[in-house]
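Residue numbers (the numbering used here): 40 to 475. In this text, a Cβ means the ideal position worked out from N, Cα and C, and glycines have one as well. Before any comments, here is the structure.
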């Protein structure tokens, strides 16, 4: 079903709170994952089906302790249209109307999660679902104004409201958008009000997404990413969308910015997600930003003892540059970066929490860091094109220079039963490079 969606839908979306750029800690286990697809049918109309899986492994204490889960499936249509502008204002006014149906109950969310858990050797989840399925109508409307300062830069303000995800909501947002060689990106600030539901999961999830939020996103043609972060709760959620139809478009012309996404292994034990942005200033040098982040449960989520398990949230943000040369089929580069890192380790309740268990933060430190590495981009530019981007394979490896505080955090994460370099940690990464 997922493969069919990726082939025939104009957009396949997968969401997870792991994709956080290291900015959010996500100590909750509520919106576990989401998946959906959208199909454009013309005239500004698109139809979609989205599924969200909510999980509460066990939260609260004493009489307020609760565990359970439910899934929500949304089916609907979305209409985007331009509003008339008789006053001929220097803005573009548009509207968006959404209508559909939301089903709340048991929709294979736990079964799908456990398939992934079995594949990766993670303990399975067994939590009670609600006894009955519920159906809710959904509707929403939004009005947007888009102001262009030039063709590549714009500012958008929007007001929205409606009834979705089984609750009333209203929201306002202000975002800045930049387009470069056909690739769009945005940063935004918003305020969202949601009416809390009757169930405990509804109340906890609403509390984590209501209020002031910060977000950003980008669209690389084949792939787009968006992320919203709530500063008051420290929680965030990212969504990756893939559009296979972009392989049939060839609007790429040249590369001035390289955007890299990869997965890297540090100390031989901890997986990090990596994101690089390199601006090609000239033939030999590129200014660069690098972010590495890791979150979740070490040891594949198993309990360390009968009473607790560990959870990490690591973020590394660095600026620097790279020296390299493109030889056609491969591009070789040497990278030097420096910046800051944050290391958080929590001692949390067991895989099966109880009413008297609690959480304790045992590491929370911010310290400087640096790295030196080499990178190899494989395939000629323009050989594989999806819309405005040229796609290459990317391999990187090097050494991360960390302080003793960071080494201590790694030791506590690994429970002293694994070996690390402690200060100089080698890493190796593999992923994709998008040039635009």
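Item	Value
To the nearest angstrom, how far is it from the Cα of residue 84 to the Cα of residue 138?	11 Å
Hey, out of 60, 182, 359, whose CA is closest to residue 373's CA?	359
Restricting to runs no shorter than 4 residues, where is the alpha helix (DSSP H) found entirely within the segment 85–158?	none
Buried or exposed for residue 468, going by 16 or more other Cβ atoms inside 10 Å?	buried
Excluding the five sequence neighbours on either side, which residues of its own chain have a C-beta within less than 6 Å of the C-beta of residue 400, listed in chain order?	385
Give the DSSP-derived three-state secondary structure of residue 243 in the structure shown.	helix
Do the segment 227–246 and the segment 91–103 meet, that is, are 3 or more Cβ pairs less than 8 Å apart?	yes
Counting only the same chain and skipping the five closest in sequence on each side, list residues whose C-beta sits under 7 Å from that of residue 305.	311, 439, 464, 466
Below 8 Å, how does it come out for the segment 253–266 and the segment 420–434: are there three or more Cβ pairs, yes or no?	yes
Taking DSSP's pairing of strands, which residues face residue 55 in a bridge?	72, 277
Excluding sequence positions up to five away, which residues of its chain have a Cβ less than 6 Å from the Cβ of residue 119?	83, 135
Rounded to whole angstroms, what's the CA-CA distance from residue 272 to residue 420? Just pull it up for me.	43 Å
Just checking, does the segment 271–290 make contact with the segment 52–68 on the three C-beta pairs under 8 Å criterion?	yes
Applying the 10 Å Cβ sphere with the 16-neighbour rule, what's the burial state of residue 248?	buried
Considering only DSSP beta bridges, list what residue 82 is partnered with.	Beta-bridge pairing links residue 82 to no other residue.
Quick test of your reading: residue 183 and residue 133, contact by CB under 8 Å. State the CB separation rounded to the nearest angstrom.	5 Å
Spatial neighbours of residue 69 within its chain, please: CB distance less than 7 Å, with the 5 preceding and 5 following residues excluded, ordered by chain position.	93, 94, 95, 240, 243, 244, 247
From residue 71 to residue 79, what does the alpha carbon distance come to, in whole angstroms?	27 Å
Out of curiosity, what's the CA-to-CA distance linking residue 376 and residue 331?	12 Å
Between residue 166 and residue 152, which are expected to be in contact by the criterion C-beta below 8 Å, what is the C-beta distance as a whole number of angstroms?	Contact flag wrong, Cβ pair sits at about 10 Å.
Go ahead and label residue 230 buried or exposed: buried means 16 or more other beta carbons lie within 10 angstroms of its beta carbon, across all protein chains shown.	exposed
Name the DSSP beta bridge partners of residue 184, please?	132, 196
Closest by CA to residue 415, which one among 403, 422, 370?	370
Which residue's Cα is closest to the Cα of residue 173: 196, 206, 144, 322?	144
Quick one: what does DSSP say residue 190 is sitting in, helix, strand or coil?	coil
Does the Cβ-Cβ distance between residue 225 and residue 214 come in under 8 Å?	yes
So, with DSSP's three-state summary, where would you put residue 365?	strand
Here's the rule I'm using: 16 or more other beta-carbon atoms within 10 Å means buried, otherwise exposed. How should residue 103 be labelled?	exposed
Less than 8 Å between the beta carbons of residue 327 and residue 317, yes or no?	yes
Provide the residue(s) that pair with residue 265 in DSSP beta bridges, ordered along the chain.	256, 278
To the nearest angstrom, report how far apart residue 59 and residue 351 are at their CA atoms.	13 Å
Do residue 141 and residue 113 count as a contact pair if the criterion is CB distance below 8 Å?	yes
Excluding the five sequence neighbours on either side, which residues of its own chain have a C-beta within less than 8 Å of the C-beta of residue 444, listed in chain order?	382, 404, 406
Am I right that residue 355 and residue 325 are in contact with their C-beta atoms under 8 Å? What's the rounded C-beta distance?	That belief does not hold up - the Cβ atoms of residue 355 and residue 325 are roughly 19 Å apart, past 8 Å.
List the endpoints of the continuous beta strand (DSSP E) containing residue 472.	463–474
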